[in-house]
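Our numbering puts the first residue of the sequence shown at 1405, with every later residue one more than the last.
These notes are about the structure you will find just below.
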Amino acid sequence: MNLVNPILWSVHVGFAVLWTGSVLFVALAVLPPALRGDVGGDALGSIVGRLRWVTRIAALAFLASGGHMAGTLYTFESLAGTGRGHLVLTMIALWFLITGLVEVGSGKLADGLDAGKLREPARDAKPFLYGAAGLSVALVVTAGLLATPGLA
Ligand code: HEM
């Protein structure tokens, strides 16, 4: 039995769950108390640092596993010319946008925390992290459409 495909599919779906879950958790559960000043600066810095590392390691995992999956299942023509291909391209575009928003938002938070501030950097990061959370929902829907048997 060839183990490459099951391993890469598992890596892909595993990082999909870990990463989108992390982005949503930080936006929904960590940022609101940070905006009120109810989270310690050290704890917030550690959480944001983890989110950045998860985002970066996940990027490598998505590029390697998704690149292999796309190479196995698609040609340039089927990526550009079929419904499933368009969903995969949407998935890549959303991943790219969310990664950028998380990098900018978490960078603003980390810089502000380094300067000894808390609520102001949380406010600065808010639109980026909320934007990343909203697009993560769109990404989960995109993956759900791809995984629905016979839909596209
Ligand atoms: C570089 C970025 C990415 C590439 C190149 C990529 C590529 C792909 C490809 C080619 C497939 C197989 C599609 C098919 O079965 O026809 C797939 C499936 C999937 N992708 Fe991605 N992907 C990327 C990022 C993501 C991200 C960020 C998520 C997070 C939600 C994600 C979640 C999934 C899921 C859950 C599936 C399983 C769908 C299924 O086959 O049942 N992917 N991806």
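Each residue gets a CB set at the ideal place from its N, CA and C atoms; glycine is no exception.
Distances from the CB of residue 1486 to the heavy atoms of ligand 1 are all 7 angstroms or more.
At the C-beta level, residue 1543 and residue 1495 come within 8 angstroms of one another.
Exposure of residue 1476 is indicated by the presence of fewer than 16 other C-beta atoms within 10 angstroms of its C-beta. When rounded, the separation of the alpha-carbon atoms in residue 1408 and residue 1463 is 19 angstroms. Rounded to whole angstroms, the separation of the alpha carbons of residue 1516 and residue 1442 is 16 angstroms. 1524 is the residue among 1524, 1411, 1486 whose C-alpha sits nearest the C-alpha of residue 1436. Within the same chain, and ignoring the five residues on either side of residue 1536 in sequence, the residues whose Cβ sits closer than 6 angstroms to its Cβ are 1427, 1502, 1505, 1506. Runs of the alpha helix (DSSP H) lying entirely within the stretch 1448–1517 and spanning at least 4 residues, in chain order: 1480–1485.
Apart from the 5 residues on each side of it in sequence, residue 1452 sits with its Cβ closer than 7 angstroms to the Cβ of 1510, 1513, 1514 in its chain, given in chain order. Taking C-alpha positions only, residue 1530 is separated from residue 1447 by approximately 17 angstroms. Its chain contains 1465, 1469 as the residues whose beta carbon lies nearer than 7 angstroms to that of residue 1415, once the 5 sequence neighbours on both sides are disregarded; these appear in chain order. No heavy atom of ligand 1 is found nearer than 7 angstroms to the CB of residue 1497. When the Cα atoms are used, residue 1521 and residue 1431 turn out to be separated by approximately 19 angstroms. Within 7 angstroms of the C-beta of residue 1417 there is at least one heavy atom belonging to ligand 1. Taken through DSSP and simplified to helix, strand or coil, residue 1445 comes out as helix.
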